[in-house]
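Structure record follows, encoded as structure tokens.
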Amino acid sequence: MASAHQPAGEIPLRDDCIVFRLAKVTHTFPANSKKPLSIHFELSGEEKHEGEESGRWALSVWDYARTTVDQAGTLLTTPGTRVPFGLQVGHVHEISIALDGHPLWVVRDVASSVIHAFEIGHCAILGLHRSQASDRKMLRDKLAQIAYPM
Amino acid sequence: MQNNAASYSVNMVSLADTRQALWPRPVLVYSNPKPARDTEWLSYVRSLAANRVVPQIVATNAEQMWRRLRPLALDIAIPDAAVTDSGTLFISWDRGVHHLEIELLPNGRYEWFYRNRDTDNVGGEYNYPASFISRDLMLQFRLVAENG
């Protein structure tokens, strides 16, 4: 899937990889619903803060081949119930919007110092930060459309 | 609002698309097999404020908005919903190819967004006071509700 528009300095995942998003889900209606909603693919407050500081807006996801859901759960920095939603990387890379045929990239996002081996599964979806609200909401709805509860 | 959908311009949503979707009725792709009732929805909304999950203004706005939108729907159109860390109430409907979402913000304002998942036609309005419900939102709500 790599192309000339690949983000500089990033390592994209192969299309056949599976990643999962640990979405913070509270007070759903219907109760205990695990339906993927577009709000689950909105950058969290922490992710927005990091984006503002670094200029790199990254939605946190995990490579299922390198990190299990339980392992990722042990690394959470904020409390709250999470639901894992799976995404096929190829489906994410197929998403397009007007004037942008490849807006989203799933890339490796491993911290420079890791304590546990399974931390090397951390990845990011880049491209969700948009100046146009309609573009941002369309992209996250497209992610919700291809996501599935794990 | 009843039969004059074609008489005014819809923000970013083509009228041809809207008319086609309203009549004839599209094939249903997704539906909640056991739709909750209105009372359950209102009970949920009220519980959010009672349990301090969202600010009172968010729950109040959600209930008032529901009472204004609900009569537009022939069939019950109970949404999916979730609350964010910031106290925003996210509400969405997926009916066939139609996706509509409303975010009620803690500052008393709201955003709505519509997307036809087949054509990618979109519409929406952002940062509106919750007391104001535009004709565009009413039109999209009716469109989505009638495809449930």
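Heads up: the sequence lines are chains Z and B, in that order.
In terms of the working numbering, the first sequence is residues 1 to 150.
In terms of the working numbering, the second sequence is residues 151 to 298.
For glycine and all other residues, C-beta sits at the position ideal for the given N, C-alpha and C.
Exercise. Nearest CA to the CA of Z/K137: which residue from B/S284, B/Y278, B/A280 and B/V272?
Worked result: B/V272
For this session: Using a Cβ cut-off of 9 angstroms (strictly closer), state whether B/F240 contacts chain Z.
Result: yes
For this session: With 9 angstroms as the threshold, decide whether the Cβ of Z/Q145 is near any Cβ in chain B.
Result: yes
Exercise. In chain order, what residues of the same chain have a beta carbon less than 6 angstroms from the beta carbon of B/R175, not counting five sequence neighbours either side?
Worked result: Low confidence applies here, because B/R175 scores a pLDDT of 36, under 50, leaving its location unreliable; read the following figure in that light. No residues qualify anywhere along the chain.
For this session: State the DSSP-derived secondary structure class of Z/V25, mapped to helix, strand or coil.
Result: coil
Problem set entry | Nearest residue (CA-CA) to Z/S60, options Z/F20, Z/L143 and Z/D70 | Z/F20
Exercise. Under 9 angstroms between C-beta atoms, does B/Y276 make it to chain Z?
Worked result: yes
Exercise. Nearest-angstrom Cα distance between B/D305 and B/I228?
Worked result: Only positions 151 to 298 of chain B appear in the structure, and residue 305 of chain B is not among them; the question remains open.
Exercise. Which word fits Z/R140, buried or exposed, when buried means at least 16 other C-beta atoms lie within 10 angstroms of its C-beta?
Worked result: buried
For this session: Find out if the Cβ-Cβ distance for the pair Z/L126, Z/V107 is shorter than 9 angstroms.
Result: yes
For this session: Could you list the residues in the region 16-39 of chain Z with a C-beta less than 7 angstroms from some C-beta on chain B, going in chain order?
Result: K24, V25, T26, H27, T28, F29, P30, S33, K35, L37, S38 and I39
For this session: Give, in chain order, every residue of the region 241-270 of chain B whose Cβ lies closer than 8 angstroms to some Cβ of chain Z.
Result: S242, H249, E251, E253, E261, F263, R265, R267 and D270
Exercise. Exposed or buried, which one is Z/A144 when buried takes at least 16 other CB atoms within 10 Å?
Worked result: buried
For this session: For the region 278-286 of chain B and the region 206-224 of chain B, state whether three or more C-beta atom pairs, one from each stretch, are separated by less than 8 angstroms.
Result: yes
Exercise. How about Z/A124 and Z/A58: are their beta carbons less than 9 angstroms apart?
Worked result: yes
Exercise. Any heavy atom of the ligand FMN closer than 8 angstroms to the Cβ of B/A231?
Worked result: Because no ligand of any kind appears in the structure shown, any question about the ligand FMN cannot be addressed here.
Exercise. Excluding the five sequence neighbours on either side, which residues of its own chain have a C-beta within less than 8 angstroms of the C-beta of B/Q206, listed in chain order?
Worked result: A199
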